[in-house]
Each structure stands twice: as C-alpha cells, then as structure tokens.
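One structure below.
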Amino acid sequence: KAIRIINKYGAERGETGLPKFLPGINILFGLIGENKKTHEHNMRWLKHIIDQKLLIRRINVREVVVFPGTLIAKECGDKFVKKNKKFYWKWRNEIRQKIDFPMLKRIAPVGTTMTKLRTEVYDGNTTFARQVGTYPLIVGIKGRLGLDRWINIKVKGHMLRSLIGEVI
967 KAIRIINKYG
977 AERGETGLPK
987 FLPGINILFG
997 LIGENKKTHE
1007 HNMRWLKHII
1017 DQKLLIRRIN
1027 VREVVVFPGT
1037 LIAKECGDKF
1047 VKKNKKFYWK
1057 WRNEIRQKID
1067 FPMLKRIAPV
1077 GTTMTKLRTE
1087 VYDGNTTFAR
1097 QVGTYPLIVG
1107 IKGRLGLDRW
1117 INIKVKGHML
1127 RSLIGEVI
C-alpha cells in the first residue's frame, strides 16, 4: 500500500528525466526463522510489485549482522545467517535479475533524457556520472570526459544496476 501511495505522487517524471520520488525496499537475509519459503514469499511480493506496474528505485539486499545485546543475538545468534549462507548469493542474484533489472528498464527506458549529471570517475575508457540525490543511478559513458563537469545524457542501454548513456 505504501508503494502505491508513493507512486501516486512520485512516479511522474521530473525535470531531471526520472520519476520525482520513488520508494526503496530493504531485504535482510538471516533473520530469525528464515528459510527457503521466506525467499519464495519475498519473490512473490516483489513480482506482485512488477505485475502491478509500480515503481521502486532500489532494493537493498543485505545479510544480518548480529550485534551483542540485540534481540537476534539473544534469540538465535547467527544460526539463520549460517544456515542460509549457501543461498544468499543465489537469492540475491534472483532479485537482481528478475526484479531490479526490469525495474531499471521501467524507470529509465532506452531513449530517456537525463539532465544535470556530474561526471565523477573513470574506469578505463568509461566515464561514470550521476545526478545529485539520494541513491542516484550510475551512468557509464564511453570515453574520458572531463571530471567534475555537468552533462545531459540519453539512455542507450542498461547494465544490471546501472545505465549506459550518451552525452547529448
């Protein structure tokens, strides 16, 4: 319900080319009682979000860290973290492939114009840039552009968690 409410107001595209305001989801692996059905349940709800044509900006997938004195430390320690460790990367990858990737294509389809990106770093012959904001999308642009410049781009493609852009 919260995602639907935020989408009602935030899914509209703003002047930067992206939706104005989108929710994020945090998934913690290793919580008390977790098992394979927990992941199936998570995937069912995430797929429901996709099927309902709702938008989410990001899904953080993390393993629980057990701190002394917390409820989880007292109840079970790292029992469920250890028990499901072998599934963590598989479950995380399934979320990335089946949910994050199609969602990224919805948020920034090929052809989308994005404005006000700041060039930040090189990796080989690629310059990476992003808009100012909370959890901004990373855009890789072929070539070594000057750093600390403001540019506009057109989305040319998608990586698993980032975009491929071309300066316009």
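The sequence shown begins at 967 in my numbering and counts up by one.
Idealized CB from N, CA, C, for every residue including glycine.
Leaving out five residues before and five after Pro-939 in sequence, what residues of the same chain have Cβ atoms less than 8 Å from its Cβ? What the structure shows of the chain is the stretch from 967 to 1134, and residue 939 is not part of that stretch, so it cannot be assessed.
Count the C-beta pairs between the region 1090-1108 and the region 1037-1056 that are closer than 8 Å, then say yes if the count reaches three, no if not. Too few Cβ pairs lie closer than 8 Å, so no.
Between Arg-1115 and Thr-1079, how many whole angstroms is the CB-CB distance? I'm expecting something under 8 Å. Here residue 1115 refers to the residue found at position 149 when the sequence shown is read from its first residue. Here residue 1079 refers to the residue found at position 113 when the sequence shown is read from its first residue. So it is not a contact: roughly 17 Å between Cβ atoms.
What separation, rounded to the nearest whole angstrom, lies between the Cα atoms of Lys-986 and Glu-978? Numbered from its first residue, the sequence shown carries residue 986 at position 20. Numbered from its first residue, the sequence shown carries residue 978 at position 12. Their Cα atoms are separated by approximately 6 Å.
For Glu-1041, does the count of other Cβ atoms within 10 angstroms reach 16, so buried, or fall short, so exposed? Position 75 of the sequence shown, counting from 1, holds the residue named residue 1041. It counts as exposed.
Using only the alpha-carbon positions, how far apart do His-1007 and Asp-1044 sit? Looking up residue 1007 in the sequence shown gives position 41. Looking up residue 1044 in the sequence shown gives position 78. In a straight line, the C-alpha of His-1007 is about 22 Å away from that of Asp-1044.
Give the secondary structure of Glu-1008 by DSSP, where H, G and I count as helix, E and B as strand, and everything else as coil. Residue 1008 sits at position 42 when you count from the first residue of the sequence shown. The sequence given here has Asn at residue 1008, not Glu. Of the three classes helix, strand and coil, the one that applies to Asn-1008 here is helix, per DSSP.
State yes or no: is the C-beta of Ser-1128 within less than 8 Å of the C-beta of Ile-1104? Position 162 of the sequence shown, counted from the first residue, corresponds to residue 1128. Position 138 of the sequence shown, counted from the first residue, corresponds to residue 1104. Result yes, Cβ atoms of Ser-1128 and Ile-1104 sit closer than 8 Å.
Determine the burial state of Val-1027: buried for a count of at least 16 other Cβ atoms within 10 Å of its Cβ, exposed for fewer. To locate residue 1027, count along the sequence shown from 1; it is residue 61. So Val-1027 counts as buried.
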